[in-house]
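*Asks:* Got a structure for you, questions after.
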Amino acid sequence: MNALIQAHKIARELTVIVPAYNEAESIADTIKSIQSQTTPPKEIIVVDDFSSDDTGDIARSCGVRVVRPPQNTGSKAGAQNFALVMVTTRYTMAIDADTTLAPDAIEKLAPALKDAHIACACGFVVPRKVETVWERGRYIEYLFAFTFYKPIQDYFGKILISSGCFSIYRTDILKQVGGWPTRTMAEDMDLTWTFYNKHYGTRFVPDAVCYPIEPSSFHIMRKQLNRWSHGFVQNLMLHWQEVLQIPYLRMAIGVALWDTVSVAIAYLLLIPLLTILFQNPFFLLAYVIDAPAVFVPVFLRAQQRQEINQALVSFPAFFLLRVVNSIFILEAIWSELVRGKRLLIYEKGH
Amino acid sequence: MTAGIPGTGISVIFYVVSILIMFLREGLSWSQKRQGSDKGRILWLELIIVLCSVFSLWLTDSLMNYLLIPLADMTNKSLSMIGSFHLPLHPLLIGLCLWLMLTVSIEVTAFLMRRQRIAAPTRDYPLDISSNVSPATKGLVV
């Protein structure tokens, strides 16, 4: 009961910012899911980031405030910052224009901000559509990461990223750090690490669920993975000295970097090489050697969500996506660190 | 690890060690009769995950070494080499050693940096994509 009162109190002081560029197909669903929350926010601001479709008109017809910058801001963070100066409430929520919320998402997430040193809190992410191989791979990836890794990170008070698609922030702290950073391709990672550097905390609430639309084709997935991989490397380059001074975070990022490089090399070079060298297909089992360990948290969460069949059918796609991830992460390390060729153009891809 | 990063290998070992630390911490707070129901709930879920995962890995190991590889070995002798490597348990042990080495390296680097008192990095970053950003956004000074 206390948590519910707390949630109502925070929601009355909450402004939701929805950055949107050509999101005519999904913006209405997003707005409706916010409006139908058990603890609805005080205000919803849609940033129509110079869309060429009907995004702005559709949002306006839903009865929310729509603002439009004089030109495209160039990135999601840019659009969010455009609206941040208009926020007068104590809390600010970020949600992507292609993301819907479970009816009690804000109610569950908001109480996490009750401690004054908590700068932001994020929830559980589940793809809304699970049809193509890419959506299925991402579905398993999310079930695994948000069930196994993220609660541990939360226990130690150092979640790696407060997901940009659905997070609530303390407005004063958000403004104090200059809003959403536009320095890298992964503004959510940059912002989260910046909070840690300023000695603020973050929270992850698994019961607060959001449903983004994930890339359905390789064409869109390519853009997203390119952005995420480059964003990760860019944030490492930007924050490494600060991160080394933050006890749990430095190890979490250290092992992430190690795995990123070593596993990618194993998937892309070592395993195929050994298979060819020994003319033995059994080496290919290395691609799925950890399948039982991955399956356990996925199965537990899928069972809780009553999605066992969907998880079983989707499971093989995870291993394909993992190999594809490896290609992008190695390319990003090579481009950003070795060649010094930075990704500067924010290519939208969900 | 997180979406977009492969996140297998020694990160799993790191998180298993984290769970053990959680277990010790919660055990300590329980013995001191402190409240920790929320964290305790997370801990039990994580413990179940780890125990089930270890069991399933052991099962895979047995399946491969006593069933799959001997069967295939009839036609391909070189497989005995893979069988003797005890997949996936031996790689886990190797991973544990690698993780320990990595932990020591990171902690030593952090310690040396603290001692040398390296100045905080500049907030300017050559990458800055804000050049793409409209004047209205650039004007955000709060």
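Which chain is which? The protein sequence lines are Y and G, in order. The working numbering applies: residue -19 is where the first sequence begins, and numbers increase by one. The working numbering applies: residue -9 is where the second sequence begins, and numbers increase by one. The beta carbon of each residue, even a glycine, is placed where N, CA and C say it ideally should be.
What first and last residue would you give for the beta strand (DSSP E) that runs through D170(Y)?
*Replies:* Taking the first sequence and counting its residues from 1, the one referred to as residue 170(Y) is at position 190. Premise fails: D170(Y) lies in the alpha helix (DSSP H), 167 to 177, not in any beta strand (DSSP E).
*Asks:* Can you pull the chain G residues whose beta carbon is under 7 angstroms from the beta carbon of P277(Y), in chain order?
*Replies:* As a position in the first sequence, residue 277(Y) is number 297, starting the count at 1. Those are I39, listed as they occur along chain G.
*Asks:* Please report how far the alpha carbon of G137(Y) lies from the alpha carbon of Y56(G), in whole angstroms.
*Replies:* Within the first sequence, numbered from 1, the residue matching residue 137(Y) stands at position 157. Within the second sequence, numbered from 1, the residue matching residue 56(G) stands at position 66. Approximately 43 angstroms between the Cα atoms of the pair.
*Asks:* Just list the beta strand (DSSP E) runs in the segment 50 to 121 of chain Y, keeping only unbroken ones of 3 residues or longer that don't cross its boundaries, in chain order.
*Replies:* Correct list: 71 to 75, 79 to 81, 98 to 105.
*Asks:* Note down, in chain order, every chain Y residue with its Cβ under 7 angstroms from the Cβ of I96(G).
*Replies:* The sequence position of residue 96(G) within the second sequence is 106, counting from 1. Those are R230, M231, G234, listed as they occur along chain Y.
*Asks:* Could you check where the beta strand (DSSP E) with H187(Y) kicks off and where it finishes?
*Replies:* Here residue 187(Y) is taken as the residue at index 207 of the first sequence, counted from 1. Per the sequence presented here, residue 187(Y) reads as Asp, with His not at that position. Counting along the chain, the beta strand (DSSP E) containing D187(Y) begins and ends at 181 to 192.
*Asks:* Within the chosen definition, does the segment 72 to 92 of chain Y reach the segment 173 to 191 of chain Y through at least 3 CB pairs nearer than 8 angstroms?
*Replies:* Short answer: they touch.
*Asks:* Output needed for N2(Y): all residues of its chain with C-beta closer than 7 angstroms, excluding positions within five of it in sequence on either side, in chain order.
*Replies:* Here residue 2(Y) refers to the residue found at position 22 when the first sequence is read from its first residue. Only S31, S32, D33, T35 meet the Cβ criterion.
*Asks:* On the criterion of 16 or more Cβ atoms from any shown chain inside 10 Å, does V332(Y) qualify as buried, or is it exposed?
*Replies:* Within the shown structure, residues of chain Y are numbered from -19 to 330, placing residue 332(Y) beyond reach of any answer.
*Asks:* Secondary structure at I11(G), three-state DSSP: helix, strand or coil?
*Replies:* Here residue 11(G) refers to the residue found at position 21 when the second sequence is read from its first residue. In this structure, I11(G) counts as helix in the three-state DSSP scheme.
*Asks:* Pull up the CB-CB distance for G181(Y) and H97(Y), whole angstroms please, since I reckon it's below 8 angstroms.
*Replies:* In the first sequence, residue 181(Y) corresponds to position 201, counting from 1. In the first sequence, residue 97(Y) corresponds to position 117, counting from 1. Confirmed, about 5 angstroms.
*Asks:* Counting only C-beta atoms, is L14(G) closer than 7 angstroms to chain Y at any point?
*Replies:* One-based indexing of the second sequence puts residue 14(G) at position 24. Chain Y contact via Cβ: absent.
*Asks:* At the 7 angstroms Cβ level, is F128(Y) part of the contact set with chain G, yes or no?
*Replies:* On the first sequence, position 148 is the one that residue 128(Y) refers to. So, interface residue.
*Asks:* Quick check: is the beta carbon of M103(G) nearer than 7 angstroms to any beta carbon in chain Y?
*Replies:* Here residue 103(G) is taken as the residue at index 113 of the second sequence, counted from 1. Chain Y contact via Cβ: present.
*Asks:* Going by the CB atoms, is the gap between A(-13)(Y) and T19(Y) shorter than 7 angstroms?
*Replies:* Against the first sequence, residue 19(Y) aligns to sequence position 39. Against the first sequence, residue -13(Y) aligns to sequence position 7. Contact: yes.
*Asks:* Using the three-state DSSP reduction, which class does A(-9)(Y) fall into: helix, strand or coil?
*Replies:* Sequence index remark: in the first sequence, residue -9(Y) carries index 11 (1-based). The answer is helix: DSSP assigns A(-9)(Y) an H, G or I state.
*Asks:* Taking C-beta to C-beta, are F146(Y) and I200(Y) nearer than 7 angstroms?
*Replies:* Counting from 1 along the first sequence, the entry for residue 146(Y) is found at position 166. Counting from 1 along the first sequence, the entry for residue 200(Y) is found at position 220. No. Outside cutoff.
*Asks:* Determine whether the Cβ of C87(G) lies closer than 7 angstroms to any Cβ atom of chain Y.
*Replies:* Indexing the second sequence from 1 puts residue 87(G) at position 97. Taking Cβ atoms only, chain Y never reaches closer than 7 angstroms to C87(G), which makes this a no.
*Asks:* Suppose only complete runs of 3+ residues qualify. What are the beta strand (DSSP E) ranges in the segment -4 to 59 of chain Y, listed by chain order?
*Replies:* Qualifying beta strand (DSSP E) stretches, in chain order: 23 to 28, 45 to 47.
*Asks:* Whether or not the segment 37 to 54 of chain Y and the segment 99 to 119 of chain Y are in contact is what I'm after, with contact meaning three or more pairs of Cβ atoms, one per stretch, closer than 8 angstroms; do they touch?
*Replies:* Short answer: they don't touch.
*Asks:* Hey, would you say F184(Y) sits closer than 7 angstroms to A99(Y), going by beta carbons?
*Replies:* In the first sequence, the residue the question calls residue 184(Y) occupies position 204. In the first sequence, the residue the question calls residue 99(Y) occupies position 119. Going by C-beta atoms, F184(Y) is not nearer than 7 angstroms to A99(Y).
*Asks:* Using the beta-carbon of each residue, which ones in chain Y are nearer than 9 angstroms to Y5(G)?
*Replies:* Taking the second sequence and counting its residues from 1, the one referred to as residue 5(G) is at position 15. Within chain Y, the residues near Y5(G) are F128, Y129, I132, Q133, A232, V235.
*Asks:* For the beta strand (DSSP E) holding I148(Y), just list the boundary residues, first then last.
*Replies:* Indexing the first sequence from 1 puts residue 148(Y) at position 168. 146 to 150 is the extent of the beta strand (DSSP E) around I148(Y).
*Asks:* Nearest CA to the CA of N305(Y): which residue from I(-10)(Y), V26(Y), F198(Y)?
*Replies:* The sequence position of residue 305(Y) within the first sequence is 325, counting from 1. Comparing Cα positions, the closest option is F198(Y).
*Asks:* Hey, V(-4)(Y) and I7(Y): beta-carbon distance below 7 angstroms or not?
*Replies:* Translated into the one-based positions of the first sequence, residue -4(Y) becomes position 16. Translated into the one-based positions of the first sequence, residue 7(Y) becomes position 27. Cβ distance not < 7 angstroms, so V(-4)(Y) and I7(Y) don't count as in contact.
*Asks:* Mapping the DSSP letters down to three states, classify G158(Y) as helix, strand or coil.
*Replies:* Residue numbering aside, residue 158(Y) sits at position 178 when the first sequence is read from its first letter. DSSP places G158(Y) in coil when its eight states are reduced to three.
*Asks:* Taking Cβ to Cβ, would you say L64(Y) is nearer than 7 angstroms to K22(Y)?
*Replies:* Taking the first residue of the first sequence as position 1, residue 64(Y) is located at position 84. Taking the first residue of the first sequence as position 1, residue 22(Y) is located at position 42. Taking 7 angstroms as the Cβ cut-off, L64(Y) and K22(Y) do not qualify as a contacting pair.
*Asks:* Express the C-alpha separation of I39(G) and I132(Y) in angstroms, rounding to a whole number.
*Replies:* What you label residue 132(Y) is simply residue 152 of the first sequence in a count that begins at 1. What you label residue 39(G) is simply residue 49 of the second sequence in a count that begins at 1. So the alpha carbons of these two residues sit roughly 12 angstroms apart.
*Asks:* Across the segment 298 to 314 of chain Y and the segment 207 to 223 of chain Y, are there enough close Cβ pairs to call them in contact, namely three or more that are closer than 8 angstroms?
*Replies:* Touching, yes, given that three or more Cβ pairs across the two stretches are closer than 8 angstroms.
*Asks:* Please decide whether L53(G) counts as near chain Y, where near means a Cβ-Cβ distance under 7 angstroms.
*Replies:* Stepping through the second sequence from its first residue, residue 53(G) is reached at position 63. No, no contact with chain Y.
*Asks:* Taking only three categories from DSSP, how would you classify D239(Y)?
*Replies:* In the first sequence, counting from the first residue as 1, residue 239(Y) sits at position 259. It is helical.
*Asks:* Using a Cβ-Cβ cut-off of 8 angstroms (strictly less than) and excluding sequence neighbours within five positions of K196(Y), which residues of its own chain qualify?
*Replies:* As a first step, residue 196(Y) must be located in the first sequence, where it is residue number 216. Residue 196(Y) is actually Ser in this sequence, not Lys. Within the same chain, S196(Y) has close Cβ partners K109, E111, T112, W114, E115.
*Asks:* Three Cβ pairs or more, each shorter than 8 angstroms: is that satisfied between the segment 164 to 174 of chain Y and the segment 272 to 284 of chain Y?
*Replies:* Because the criterion of three Cβ pairs below 8 angstroms is not met, the segment 164 to 174 of chain Y and the segment 272 to 284 of chain Y do not touch.
*Asks:* Whole angstroms are fine: how far does the CA of Q204(Y) sit from the CA of F298(Y)?
*Replies:* For the purposes of this step, residue 298(Y) is taken as the residue at position 318 of the first sequence. For the purposes of this step, residue 204(Y) is taken as the residue at position 224 of the first sequence. Approximately 16 angstroms between the Cα atoms of the pair.
*Asks:* Does the CB of L224(Y) have a neighbour CB from chain G at under 7 angstroms?
*Replies:* Locating residue 224(Y) in the first sequence gives position 244, where the first residue counts as 1. For L224(Y), the answer is yes, since a Cβ of chain G falls inside 7 angstroms of its Cβ.
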